[in-house]
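FYI, in our numbering the residues of the sequence shown are 10 to 452. Think of the CB as a built atom: it goes at the ideal place given N, C-alpha and C, for glycine as much as any other residue. Owing to the predicted nature of the structure, the values given are computational and were not obtained by experimental measurement. Beneath this line is the structure, given in C-alpha cells, with notes to follow.
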Amino acid sequence: MSTERDSIGIGLLGAGVVGGGVARILREKADIYARQIGCPLELKRVLVRDVAKQRDVEIAPSLLTTDPSAVLDDPSIQMVIEVMGGEEPAFAYLKRALTAGKFVVTGNKEVMAKHGGELLRLAREHNVDLLYEASVGGGIPIIAPLKRDLLANDILSVTAIINGTTNYILTAMSKGGGSFADALAKAQELGFAEPDPTNDIEGIDAAYKLCILATLSFHADIMPADVYREGITKLDARDFEYAREMGYALKLLAIARRRGDGDGVGDGIELRVHPALVPQDQLLANVDGVLNAVEIEGDLMSRVLFQGPGAGSLPTTSAVVGDALDAAVSISNNVYWPHSFRRESGVKPLPIDQCQSRYYLRIRVVDEPGVLARIAGKLADGNISIASVIQKELDGARGGGEGNAEIVIMTHEALEADIQRALGDIRALAGVAAVEQMIRVRP
Ligand code: NDP
Ligand code: HSE
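As C-alpha cells, this is what we get:
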C-alpha cells in the first residue's frame with residue numbers, strides 16, 4: 010500500500026436495502042469524503058444475485074456482477090463492504106477478502122456472532138481491519154464505544170432492545186391491545202417484518218447481536234449456543250393488561266450480566282434473550298416502535314444508554330459508511346492500529362437454570378377454597394418469596410369458563426432452577442388448570 014494514491018477501490022457485496030443506501034451515499038457525498046480522507050473512494054464493483062433486477066438506487070450497469078471473483082480477486086479493490094446477509098456464502102467471501110489483504114466492513118450479525126473470532130484473527134494476520142458497527146443496532150454507535158471509549162470499565166451488564174421488528178410488534182400490542190398475530194400481520198403490511206419473520210420473533214436475530222455485544226463487553230468468545238432464547242409468540246393481550254396494571258412495559262430484552270464475586274462459585278455471565286417486564290419509569294420501557302436501545306453498566310461510568318434507529322437503509326448506511334471511512338483513513342495513511350483486545354477473560358456463560366430474576370406467573374385455577382394457599386405453599390417450598398398477588402374471576406369471554414379464576418403472582422428474586430421446579434409442582438396441584446405464563450422481570 011502506498012500513501013500516495015488516486016483513489017481507494019471499494020467492492021460492495023450486496024445492493025439491497027443497506028447496500029443500495031451505501032452505493033447512493035458514497036456517490037452523493039463523494040466530494041466531502043474525498044476531502045476528509047485526502048483521496049476519493051471509488052466504488053469499483055457491486056456483487057448481486059440478479060444484475061437485471063430493478064433497483065431503487067442508480068448503479069452503473071458496468072459495476073454490477075454476479076461473479077464474486079470480480080470483487081474478491083481484483084487487486085485494485087482495497088476494501089470490501091459486505092451487506093449481503095446470511096451465513097454463507099458471506100462468511101467464505103469475507104475470509105477470501107481478508108486473506109487477500111483487503112479491509113472489510115460488514116453489517117452481518119450472523120457471521121460476526123458465529124465466526125467473528127476467526128475473522129478478526131485472520132484480519133490481524135493480514136494487517137487489515139474488520140469493522141462491524143452496523144451488525145448491532147443499525148445506526149446506533151455501540152461497537153466503537155465498546156471497543157474504545159468504555160474500555161477502562163469492567164462491564165457489569167448489557168441490557169438491550171436490539172430487534173426493531175419485535176419492538177414494533179410489542180409496542181403495537183401494548184398500545185392497541187390486540188393479539189400477537191394481528192400485530193405481526195400489521196408489521197408485515199408496513200414492511201417492518203420479513204415475510205418469514207422467524208429470526209426476529211423467535212429472538213434469533215437479537216441473540217446474534219447479544220453475542221457480539223457480550224464478546225466485546227466481557228472479553229470472552231460468546232457463541233449463539235451460549236445464549237438462552239425465548240421469542241415473543243406466546244405473549245397474550247392479557248399479559249400486557251396485567252403489566253400495565255402493575256407498572257411495567259413488556260419488551261424483548263437481550264441481557265448479558267456478570268454474576269458472582271470472582272471467587273469461582275457461581276461466577277459467570279448470564280446470557281439471555283426473552284420477553285421481560287421493565288418498570289415503566291425506566292428509560293428502556295419507553296423505547297417504542299422500531300427504535301433500539303442498548304444500556305451498558307460499567308464499574309466506572311455507571312449506566313449509559315445508546316438509543317436510536319436500529320435498522321433501515323440510511324441509519325444502517327451511516328454505520329457502514331462510518332466504518333468504511335475509518336478503514337479508508339488506515340489505508341490512505343498506510344497505518345493500521347488493530348483494536349485487538351484479548352478474549353481470554355475466562356468468564357463462563359451460565360446456563361439458564363443458574364440465572365436469577367423476579368418472575369411474573371399467570372395461573373388459571375378452579376375458583377375454590379385452598380387453591381391459592383396450595384400454590385403459595387409450593388413457592389414457599391422452593392424458597393421463592395411472593396411480592397404481590399392479583400386474582401381475577403374469569404368469565405367465558407376471557408377464556409376461562411365459569412367458576413375459573415386467574416391468579417397473577419409477582420415473586421421476589423429467585424433462582425431459575427427453583428422457579429422451574431416449583432412450576433412443575435404447581436402444575437400438578439388439584440385446582441390448577443394451567444400455568445399459562447411465566448415472564449422474567451429485568452434485573
Ligand atoms: P437485502 O436482502 O435487502 O439485500 C441483500 C443484497 O445482497 C441484495 O442486493 C442481493 O442481491 C445480494 N445478495 C444476497 N445473497 C447473495 C449471493 N449469494 N450472491 C450475490 N448477491 C447476493 O438485505 P439488507 O440490505 O436488508 O441487509 C444486508 C445485511 O445488513 C444483512 O446482514 C442484514 O442483517 C444487515 N442489516 C440490515 C439492516 C436493515 O435495516 N435492513 C440493519 C442492520 C443490519 P439481489 O439484489 O440481486 O437480490
Ligand atoms: N431484523 C432486524 C430488526 C433488522 O428487526 O431489528 C436489523 O438488524
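For L193, list the residues DSSP reports as bridge partners. On the sequence shown, position 184 is the one that residue 193 refers to. Paired residues: none, contrary to the question.
Q446 (DSSP reduced to helix, strand or coil): Translated into the one-based positions of the sequence shown, residue 446 becomes position 437. Residue state, collapsed to three classes: strand.
State the Cα-Cα distance for the pair S78 and D248, rounded to the nearest angstrom. As a position in the sequence shown, residue 78 is number 69, starting the count at 1. As a position in the sequence shown, residue 248 is number 239, starting the count at 1. Taking the straight line from one Cα to the other gives about 52 Å.
When you measure from the CB of A122 to every non-hydrogen atom of ligand 1, does any distance come out below 7 Å? In the sequence shown, residue 122 corresponds to position 113, counting from 1. It does not: the Cβ of A122 is nowhere closer than 7 Å to a heavy atom of ligand 1.
Contact test: D290 Cβ vs ligand 2 heavy atom, cutoff 7 Å: Here residue 290 refers to the residue found at position 281 of the sequence shown. For ligand 2, not one heavy atom lies less than 7 Å from the Cβ of D290.
Where the beta strand (DSSP E) containing R247 begins and where it ends: Position 238 of the sequence shown, counted from the start, is the residue given in the question as residue 247. Not the beta strand (DSSP E): R247 falls in the alpha helix (DSSP H), residues 246 to 255.
Let me know if S341 comes out buried or exposed under the rule of 16 or more other beta-carbons within 10 Å of its beta-carbon. Reading the sequence shown from its first residue, position 332 is the one you call residue 341. S341 comes out buried.
Under three-state DSSP, which class holds S16? Here residue 16 is taken as the residue at index 7 of the sequence shown, counted from 1. Note: S16 maps to coil in three-state DSSP.
Within its chain, find whatever has a CB closer than 8 Å to the CB of I46; leave out the 5 residues flanking it on each side and keep chain order. Here the question's residue 46 lines up with position 37 in the sequence shown. I17, L334, A337, V338, S341, listed in sequence order.
Coarse secondary structure for P233, derived from DSSP in three states: Stepping through the sequence shown from its first residue, residue 233 is reached at position 224. Reduced to three states, the DSSP call for P233 is helix.
Assuming V167 and S226 make a contact with CB atoms under 8 Å, what is their CB distance in whole Å? Reading the sequence shown from its first residue, position 158 is the one you call residue 167. Reading the sequence shown from its first residue, position 217 is the one you call residue 226. 5 Å between Cβ atoms; contact.
Quick check: the region 244 to 264 against the region 186 to 193, are there 3 or more CB pairs under 8 Å? yes
Distance CB(L193)-CB(I178) smaller than 8 Å: The count along the sequence shown starts at 1 and reaches residue 193 at position 184. The count along the sequence shown starts at 1 and reaches residue 178 at position 169. In contact: L193 and I178 (Cβ atoms closer than 8 Å).
Run through DSSP, which three-state label would M10 get? Numbered from 1 along the sequence shown, position 1 holds the residue referred to as residue 10. In this prediction, M10 scores a pLDDT of 41, lower than 50, which makes its location untrustworthy; no coordinate-derived value is stated.
Provide the residue span of the beta strand (DSSP E) that contains E402, from first to last. Walking along the sequence shown from the start, residue 402 turns up at place 393. Per DSSP, E402 belongs to the beta strand (DSSP E) from 395 to 403.
Helix, strand or coil: which one does DSSP assign to R64? One-based indexing of the sequence shown puts residue 64 at position 55. Coil at R64, not helix or strand.
When the Cα atoms are used, what is the spatial distance from L300 to N176? Locating residue 300 in the sequence shown gives position 291, counting from the first residue. Locating residue 176 in the sequence shown gives position 167, counting from the first residue. Computed Cα separation, rounded: 7 Å.
Sequence-distant residues of its chain with Cβ nearer than 6 Å to G23 (five each side left out): The residue you call residue 23 lines up with position 14 of the sequence shown. So the qualifying residues of the chain are V92, M93.
Keeping to the same chain, check which residues put their C-beta closer than 6 Å to that of M85; ignore five residues upstream and five downstream. The sequence position of residue 85 within the sequence shown is 76, counting from 1. In the sequence under discussion, the amino acid at residue 85 is Ser, which differs from the Met named in the question. Cβ neighbours of S85 beyond the five flanking positions: G18.
With a floor of 4 residues, list each alpha helix (DSSP H) that falls wholly inside the region 75 to 111, ordered by position along the chain. 78 to 81, 99 to 108
Return the Cβ separation of V66 and A39 in integer angstroms, given the expectation that the two are a contact with Cβ distance under 8 Å. Within the sequence shown, the letter at position 57 stands for residue 66. Within the sequence shown, the letter at position 30 stands for residue 39. Not confirmed; about 14 Å, so no contact.
Report all residues for which the CB-ligand distance to some heavy atom of ligand 1 is below 6 Å; order them along the chain. G23, A24, G25, V26, V27, G28, L56, V57, R58, D59, K62, V92, M93, G94, P98, G116, N117, K118, A143, G147, A320, G321, T325
Do V236 and V282 come within 8 Å of each other at the CB atom, strictly closer than that value? Numbered from 1 along the sequence shown, position 273 holds the residue referred to as residue 282. Numbered from 1 along the sequence shown, position 227 holds the residue referred to as residue 236. In this structure, V236 lies closer than 8 Å to V282 by Cβ.
Give every residue of the same chain whose Cβ lies closer than 6 Å to the Cβ of G256, excluding the five residues on either side of it in the sequence, and list them in chain order. Residue 256 sits at position 247 when you count from the first residue of the sequence shown. Closer than 6 Å at Cβ, skipping near neighbours: Q289.
Under the three-state reduction of DSSP, which class applies to S126: helix, strand or coil? Stepping through the sequence shown from its first residue, residue 126 is reached at position 117. Rather than Ser, the amino acid found at residue 126 in this sequence is Gly. G126: helix per DSSP, three-state reduction.
Using the Cα positions of L403 and A414, report the straight-line distance between them to the nearest angstrom. For this step, residue 403 is matched to residue 394 along the sequence shown. For this step, residue 414 is matched to residue 405 along the sequence shown. So the two alpha carbons sit approximately 5 Å from each other.
How about V114 and I90: are their beta carbons less than 8 Å apart? For the purposes of this step, residue 114 is taken as residue 105 along the sequence shown, with counting starting at 1. For the purposes of this step, residue 90 is taken as residue 81 along the sequence shown, with counting starting at 1. Yes. Within cutoff.
Unbroken beta strand (DSSP E) run spanning I416, endpoints: For the purposes of this step, residue 416 is identified with residue 407 of the sequence shown, where counting begins at 1. Looking at the DSSP string, the run of the beta strand (DSSP E) that includes I416 is 413 to 420.
Around the Cβ of V329, are there at least 16 other Cβ atoms within 10 angstroms (buried) or fewer (exposed)? By 1-based counting over the sequence shown, the position of residue 329 is 320. V329 is buried by the Cβ-count criterion.
E51 versus V303: straight-line alpha-carbon distance, rounded: Locating residue 51 in the sequence shown gives position 42, where the first residue counts as 1. Locating residue 303 in the sequence shown gives position 294, where the first residue counts as 1. Cα to Cα, the separation comes out at about 34 Å.
Runs of beta strand (DSSP E) wholly within the region 171 to 226 (minimum 3 residues, chain order): none
Residue from A443, L107, D390, H124 with nearest C-alpha to E96: As a position in the sequence shown, residue 96 is number 87, starting the count at 1. Looking at the Cα atoms, H124 is the closest of the given residues.
Output needed for V375: all residues of its chain with C-beta closer than 7 Å, excluding positions within five of it in sequence on either side, in chain order. The residue given as residue 375 occupies position 366 in the sequence shown. Here the set comprises G412, N413, G440, A442.
With burial defined as no fewer than 16 other Cβ atoms inside 10 Å of the residue's Cβ, what is the status of K184: buried or exposed? Position 175 of the sequence shown, counted from the start, is the residue given in the question as residue 184. With fewer than 16 other Cβ atoms within 10 Å, it is exposed.
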